[in-house]
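Every letter in the sequence shown is one number past the one before it in our numbering, and letter 68, counting from 1, is 69.
Note that beta-carbon positions come from the ideal geometry of N, C-alpha and C, so glycine has one too.
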Amino acid sequence: MVAGYPSELYYRGSAMWETLYGMICAYPIVIFIFVPVYYSLGITSVYQYLDLRFKSRLVRCIASFTYVIRSLLNLGVTVFTPCVALKTVIGLPYWASILSITVISIIFTIMGGLKAAITADVVQGLTMITCSLAIIIQGCIQNGGFGEIINVSSERQRLQFFNFDLDPTIRVTTLSALFGQLFMSLSIFGCQQNFVQRYCSMDSQRAVTKTMMANIPVITVLFSLSWVTGMVIFASYADCDPLSLGYISKIDEILPFYVEDKFVFLPGLLGLFMASLFNGALSLSVSNLNSLATVTWEDFVSQLPQFRDVTDRRQLLLIKIIGSLYGLAIMGISFGVATLSGVIESSMLMTSATSGPLLGVFLLAMLFPCVNWKGAASGMIISHIVTLWITFGGLTIDKPPIQLLPLSTAGCTNDSYSHVISPGEIPVPYSQSRFEWANHSNSEQSLYNYRIFNNISTDMEKVVPINRGPEDVLTQLYSITYMYYSLIGCGITVFMGIIISYIAGTSPEDAYDEKLIHPLALKISTLFPGRPRRYVQDKITSPDKFGSNNSEILQTRAEQKPCDFSKEPTYRATEFTTACEKSPI
């Protein structure tokens, strides 16, 4: 989110920066919980794991569907991000840029441009880092050094950390940033296909641990780079805000506006920056469309009777058609993102709303030996219903606008912007006193922000706070910040999964290999009172305890072949499961 984080710091402060805590904490948890299970099995598909653990295609399909929805929503945000820059610099309407990016993505998907997209990702990442460093260096030169940038940002309330307010309706606090991002990151790093493939492709589990721990300082630097860029931009416009003057219409436009304004002396940088944003959206769209189409084919379409015996040529054609349909869906989502209040807001909302149930079912599979497919499927379904209910309910209630931090146009002159931006006189419609906020309440500030940015002239003394009556329970529920959606979804999945599994009970058919459970969870489960839990291995050593009617028990040990988890590549679940059905697993 190169374009989103700088605008977040500029207009809303550094609270979202603290999501870094959750990202950092997620790495050791993934190393401790997820990696040992994946690596010991040698599997390359996370959805294979669910299939083996619960022996249920329903659980696998719900998890795959959750991944598809989350990816589509995030791609909608990804496609919209460069559209903001295109509108700021050349005035291209959102609909035109969204349409062009998605159409090109669909064409590349049909032509098979995945390899080129992956290569472009690397180049694009390096280019954006270079552009960020150029902005920071130029800003330090123009604003008197990095120390002065920090002072200005701190004095104007842009650097405010460690807010431990327990109110769950506050948009972002230290606690919501920590726990919200932690559960989102666990869902991404621990339950997402591309990450699991990387873990299992390394030489040893120790190598996985070293690599992931080495990522912590790298991700810290790269993540913070965008926020420092926001500090630099704010210091440059602290006394002459472009949004207040109407030069930009959305907060996400501030970064391309800054590049256009301050780098006029360096021809080509603006074009390089725009090309990087456009290329990033394009390459991510192409690679993810291919991945989504493949997942959809393997887990859904190929299971239909009429598609089970199709030729490879026809299968490839169907995957391309599915990818094209997803491209059209992403186009619609991008138009929806344009109505929200920023790309960071949109991305966090969509990721948080879909991460909880997916993380919850993997935690059930790895840490709770007693849970069966009935509990896992029911927990995910109930969690999705509750989470989506809260999400859409939050969009329907009349919430106050997100509060913007103090802005000023008191220092505007005819030389505030370059000649490319402002060839004529700059209107300065508001005096410095109009932007003094210290003695006014939050509700007054929010209403005043609204009037200022909509060019409704008013005096601060005449602003009357809005009195909202006592809120009912539903309104309070809908007002919970989206940062907690992933935590809520994961908690509901785990809780309902355990309860429903206990009520439904277990049967001999629910037995599975003990390697599918985390070793520590397996040890802890033996300390609980009650009948010892039976695994697949017990069917061989003590078949009489499972009943004599089970045909699988009657097989001799010599006839049973161990299941090789490492044979099957990604997304070949049908052949993989068929091969494993001959074994005790």
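Query: Boundaries (first-last residue) of the alpha helix (DSSP H) holding His385; Result: 374 to 397
Query: The region 489 to 499 / the region 372 to 382 touching (three or more Cβ pairs under 8 Å); Result: yes
Query: Other residues of its chain near Val90: CB distance less than 7 Å, five sequence neighbours each side excluded; Result: Pro257, Glu261, Leu271, Met275
Query: Ala512, DSSP secondary structure in three states; Result: coil
Query: Three or more C-beta pairs below 8 Å linking the region 512 to 521 and the region 34 to 46; Result: yes
Query: Collapsed DSSP secondary structure at Ser409 in the structure displayed; Result: coil
Query: Sequence-distant residues of the same chain with beta carbon closer than 8 Å to Phe165, five excluded per side; Result: Thr174, Thr175, Leu176
Query: Distance CB(Ser353)-CB(Arg159) smaller than 8 Å; Result: no
Query: Sufficient close CB pairs (3 or more, under 8 Å) joining the region 227 to 243 to the region 6 to 23; Result: yes
Query: Environment of Phe393 [buried if 16+ CB atoms lie within 10 Å]; Result: exposed
Query: Closest Cα partner of Ile504 within the set Cys192, Ala377, Val153, Ala522; Result: Ala377
Query: Residue nearest to Glu299 in terms of C-alpha spacing, selected from Gln316, Leu285, Leu283; Result: Gln316
Query: Sequence-distant residues of its chain with Cβ nearer than 7 Å to Val80 (five each side left out); Result: Ile99, Ile102, Thr103, Ala282, Ser286, Ile331, Ser335
Query: Whether Glu19 touches Ala178 by CB criterion (8 Å); Result: yes
Query: Buried/exposed call for Pro94, threshold 16 Cβ in 10 Å; Result: exposed
Query: DSSP state of Val311 mapped onto helix, strand, coil; Result: coil
Query: Simplified DSSP state of Tyr238, which is helix, strand or coil; Result: coil
Query: 8 Å Cβ shell around Lys463 - same chain, five flanking residues per side excluded; Result: Note that Lys463 scores 33 on pLDDT, short of 50, meaning its location in the model is unreliable and no value can be drawn from it.
Query: Residues of its chain near Gln206, where Cβ-Cβ distance is below 6 Å and the 5 sequence neighbours each way are ignored; Result: Tyr40
Query: Under 8 Å between C-beta atoms of Cys132 and Ser277; Result: yes
Query: Close-in-space but distant-in-sequence residues of the same chain around Tyr197 (CB under 6 Å, 5 per side omitted); Result: For the record, residue 197 in the displayed sequence is Val; it is not Tyr. Same-chain partners within the cutoff: Tyr39, Val47.
Query: Integer Cβ distance of Leu408 from Asp242, believed to fall under 8 Å; Result: 4 Å
Query: Cβ neighbour criterion (16 or more within 10 Å) applied to Met17; Result: buried
Query: CB contact below 8 Å: Arg71 versus chain C; Result: No chain C is present in this structure, which holds just one protein chain.
Query: Range of the contiguous alpha helix (DSSP H) that encloses Leu305; Result: No alpha helix (DSSP H) holds Leu305; DSSP gives it neither H nor E.
Query: Residue burial classification, Ile138 (beta-carbon count within 10 angstroms, cutoff 16); Result: exposed
Query: Alpha-carbon spacing of Glu437 relative to Cys413, whole angstroms; Result: Reliability fails at Glu437, whose pLDDT of 38 lies under 50, so the model's placement of it is uncertain and no value is given.
Query: Spatial distance of Ser308 from Val302 (CA atoms); Result: The question names Ser, but residue 308 in the sequence shown is Phe. Rounded to whole angstroms, Phe308 to Val302 spans 7 Å at the Cα level.
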